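Single-structure report; data block below.
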């Protein structure tokens with residue numbers, strides 16, 4: 054079995070919550086949920102690279118970097134320093150997505 058967890062997670066920002074991408078499986082879920090009208094060439098290449106990585110052919114650190122670049126291109130990469138600030142703004146006892 055291929056080890057598919059990232060050394061460090063990536064975070065995707067949405068209007069009301071932050072999604073963590075910590076593994077190849079998380080990336081597949083993220084890509085499945087990506088809007089159909091935004092599935093351009095970069096999306097297609099990333100999907101193919103993830104499939105090859107799932108077979109153990111493409112290295113997981115390279116997938117993480119490609120996902121990071123995709124998130125930057127799409128302007129949805131959450132800055133890791135922003136994540137604790139978002140949690141602090143919500144107050145105690147609330148989920149970030151609430």
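Numbering (our numbering), first residue to last: 54 to 151. In this text, a Cβ means the ideal position worked out from N, Cα and C, and glycines have one as well. These figures come from a predicted structure and were not determined experimentally.
Check: DSSP three-state call for residue 72: helix, strand or coil?; Outcome: strand
Check: On the CB-based measure, 16 or more other CB atoms within 10 Å of its CB, does residue 116 come out buried or exposed?; Outcome: buried
Check: Just tell me which of 83, 58, 56 has its CA closest to the CA of residue 100.; Outcome: 83
Check: State the Cα-Cα distance for the pair residue 81 and residue 104, rounded to the nearest angstrom.; Outcome: 9 angstroms
Check: Report the rounded CA-to-CA distance for residue 62 versus residue 96, giving the unit in angstroms.; Outcome: 19 angstroms
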